[in-house]
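Visitor: The structure's right below; bear with me while I get my questions together.
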Amino acid sequence: MQGPGGPTRDAPTHVCVACSVPGALVSPGLALLVSLTAHCSHPQAEGASQGGLDASRADLWASASASLLQGFWCQPASQLSRDQLAALIRRMATQHVLLRAWQLSCLANLAARQGLQGDFELHPPDLLLFYNLTQVKEADCRAFIRRAAQGDTELLANLPDQRTALQHRALVCLGGPQPRLSASDLLLLGVLVCDMDASSIVAADPHVLQNLQHCPRLTAAQQAALNRLLGKWPDGPPSSWNLERLRALGRLASYISPGLWMQVKEAVGLDFFRSIVAACRAGQLRQRDARRFVTSFLEAKSKAVSSPSKRDTGRPCVHGSITAATLHDDLFLMRYDCRQLESCLGSSVLRANLDPLLQHPLPAECQQVVKAKLARVYPGGVPEEQLRLIPSLLYLYSLSEIGQWHITSKDTVVTLLAPDGALENQTEAILQKFLDHNGTVTGALLVAIGGSRLCWMSPRQIQDIRPSEFRLAGALDISSCPQTRKNVLFDKAREAFASASTSDTYYRFMRPYLGGAPVEELRHLAQANVSMDIDTFTNLNPECCRWVGLPVRGVGSLRLRSAGPNTPKSQVSPPLEAPPLTAAPPLGGAPVEELRHLAQANVSMDIDTFTNLNPRVLQVGGGCPSGGVGEP
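Here the numbering used here is used: the first residue of the sequence shown is 478, the next is one more, and so on.
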């Protein structure tokens, strides 16, 4: 990702940051140009081609398709004029283009530098989440928050400070923290309610339920608050609920407590149970949500049955053997609890009907029963055709049990390593069973399983990937990898992309892997005058150099120049339009706000001053070896 451009196309502005490495990077003219994008965020979309938009054809950007705009890359965008950038952002809004956090962070910075934040009503809601909130005018406050609240706040998952600032700004727009949020307040706040504490949810107008339906998840405290709200729902107590009211709750119904389910009329509860399981089996509802509901509902049913005889404790199969037809009944789990599943499910039915069985959102106890039965049916290990059906059970398997499997198909690997499949620490074992049967890791396979799975492959498995296949995979997100894996992956990426025609092309492909780069690589990029986004810079190997990451929440760029041994400090000076550093007070104790001010003023700071800034503001690492890649 390239950085923000300056006010004109001919003078892009960068942040020039130099790592101070003894005997390495401290030399005249040697520095890394880092484009300020203000926030840590995610790398390029996996497997995507990079730099799809060309600044030389900026006239086409305003009519580009959504798929092309998703390839947004900062370098060409930084060269656009103000009008061209404005047209690009408006096009993204009308086409509902979904960008990743790192792209939005860069685009927000470019928009701010060109003075486009005031046009926020025409900008994508997701983009507003990354704007400098201190620059929002008081008169625009409510309109800005209303627009931003339509965005996906999960994009700020790695930016807790920005997320908190957004919540604070929203409350300021309301006139400060409110003892009780009204319906109109909630309409303004939108998804920002998802970050509210439990007490605010309980005290809010009942319309808060509509806001909570858009939350991707609720904390335990928020779930408790939700149940308190539902217990005093203006529409009536749980005993008065009907199917329509339950359906109106959407995914919030999966958080209803067993205590409330015990108060719901039995016929209504059964109808709702049937509809939830049917939606889950049809793939219209995530198993995770359906399983949470089923577990709570069955717990309520169990508590309602007081006598041991009614609970069938220790009794053999009561309701008859489970058949294929039984498994297609959406009320199957109401008739067969986990004890009855153990007693009534025969081996032949299990072998022939594993798929319809696992389409049901089985509680954890029932999953254990199914796994144990599979072990008895297949003592030598689950066969491959059945493995593709058990992703929901994978978390129960040990590495030694996985070692019994025979995996010959890439499709099996992709199924098992899907996001909702194997645990991270099962990745190496599953992939090794595929490799043991003459399987190869192709570019298509890497894209299918995702970069995060690379983090859990062994160094040998990574090294055995052919460079041509790694090139086909393109940019993979390895940001979650431990440092030892990043080191190994960097070596593999450098082997794959070393033949890139230009330094810029090389950087674009190598960018996600630079977290494992040794000092020699950084020196090479510095000498090539490569522009590096701040996200990549702050994720460089902390063992590689004494480095810092500026948590600047605003916009602008801070030029941090490496003064060579023969360069007088007076020559490391700010631009004419910025106040000279020598006129400022000592910066050793400067807060983030002061650094933000200097950044917005385009101040050039000598590296000595930079490395002596408040360590609580800067993230400081250690020394650097001369190079090489460590083994985990």
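All residues carry an ideal CB built from backbone N, CA and C; glycine is no exception.
1. Among Val668, Leu726, Asp638, Tyr855, which one has its Cα closest to the Cα of arginine 828?
2. Taking 8 Å as the cut-off, decide whether the C-beta atoms of alanine 698 and leucine 669 are in contact.
3. Suppose you measure from the CA of phenylalanine 911 to the CA of tyrosine 990; what does that come to, to the nearest Å?
4. Which stretch, first to last residue, makes up the alpha helix (DSSP H) that contains asparagine 704?
5. For the alpha helix (DSSP H) holding aspartate 941, just list the boundary residues, first then last.
6. Given a cut-off of 8 Å, decide if valine 847 and leucine 870 are closer than it, judged by their beta-carbon atoms.
7. Which runs of the alpha helix (DSSP H) spanning at least 4 residues fall entirely within the stretch 634-670, listed in chain order?
8. Do alanine 539 and arginine 577 have their C-beta atoms closer together than 8 Å?
9. Identify the continuous alpha helix (DSSP H) that holds glutamate 776 and give its terminal residues.
10. Which of helix, strand or coil does DSSP assign to asparagine 964?
11. Does the Cβ of tyrosine 872 have 16 or more other Cβ atoms within 10 Å, making it buried, or fewer, making it exposed?
12. Rounded to whole angstroms, what is the Cα-Cα separation between aspartate 425 and leucine 720?
13. Inspect the beta-carbon positions of serine 677 and leucine 707 and report whether they are closer than 8 Å.
14. Give me, in chain order, the residues of the same chain whose beta-carbon lies closer than 7 Å to that of serine 957; leave out the 5 immediate sequence neighbours on both sides.
15. Grouping DSSP H, G and I as helix and E and B as strand, with all else coil, what is serine 875?
16. Could you tell me the boundaries of the alpha helix (DSSP H) in which glutamate 721 lies?
17. Which whole-angstrom value is the C-beta distance of phenylalanine 549 and leucine 584, which I expect to be below 8 Å?
18. Would leucine 775 and aspartate 814 qualify as a contact pair, given that the criterion is a beta-carbon distance under 8 Å?
19. What residue ranges within the stretch 838-897 form continuous alpha helix (DSSP H) runs of no fewer than 4 residues, ordered along the chain?
20. For the alpha helix (DSSP H) containing proline 602, name the first residue and the last one.
21. When burial is assigned at 16 or more other CB atoms within 10 Å of the CB, is glycine 713 buried or exposed?
22. Could you tell me the distance, in whole angstroms, from the CA atom of glutamine 881 to the CA atom of phenylalanine 967?
23. May I have the straight-line CA-CA distance separating lysine 850 from threonine 885, to the nearest angstrom?
24. Hey, how far is the Cα of glutamine 561 from the Cα of leucine 575?
25. Where do the ends of the alpha helix (DSSP H) carrying leucine 908 lie?
26. Rounded to the nearest angstrom, what separates arginine 765 and glutamine 700 at their Cα positions?
27. Cα separation between glycine 760 and glutamate 631?
28. Could you compute how far the alpha carbon of histidine 796 sits from the alpha carbon of leucine 822?
29. Please name the residue, chosen from Asn915, Asn635, Phe974, Ile942, that lies closest to alanine 921 on a Cα-to-Cα basis.
30. Of the residues Ala744, Arg988, His883, Gln690, which one's Cα is nearest the Cα of aspartate 913?
31. From the DSSP output, in three-state form, read off alanine 1055 for me.
32. Is glutamine 612 closer than 8 Å to glutamine 639 when the C-beta atoms are compared?
33. Rounded to whole angstroms, what is the Cα-Cα separation between glycine 1033 and arginine 751?
34. Thinking C-alpha only, which one of Ala541, Val918, Lys963, Gln552 is nearest alanine 950?
35. If alanine 1192 and leucine 737 are in contact, beta carbons under 8 Å, what's the gap, nearest whole angstrom?
36. Could you give the uninterrupted runs of the beta strand (DSSP E) lying entirely in the stretch 792-819, keeping only those of 3 residues or more?
Guide: Well, looking at it:
1. Tyr855
2. no
3. 25 Å
4. 697-708
5. Where aspartate 941 is concerned, there is no enclosing alpha helix (DSSP H), given that its DSSP letter is neither H nor E.
6. yes
7. 637-650, 660-666
8. no
9. 764-781
10. helix
11. exposed
12. Not covered by the structure: residue 425. The range shown for the chain is 478 to 1109.
13. no
14. Ser929, Cys932
15. coil
16. 720-725
17. 7 Å
18. yes
19. 841-854, 861-864, 876-879, 887-893
20. 602-605
21. exposed
22. 32 Å
23. 24 Å
24. 20 Å
25. 904-912
26. 16 Å
27. 23 Å
28. 11 Å
29. Ile942
30. His883
31. Legend: pLDDT at alanine 1055 = 32, less than 50; position of this residue unreliable, no value from coordinates given.
32. no
33. Note that glycine 1033 scores 32 on pLDDT, short of 50, meaning its location in the model is unreliable and no value can be drawn from it.
34. Val918
35. For residue 1192 there is no data in the structure shown, the boundaries of the chain being 478 and 1109.
36. none
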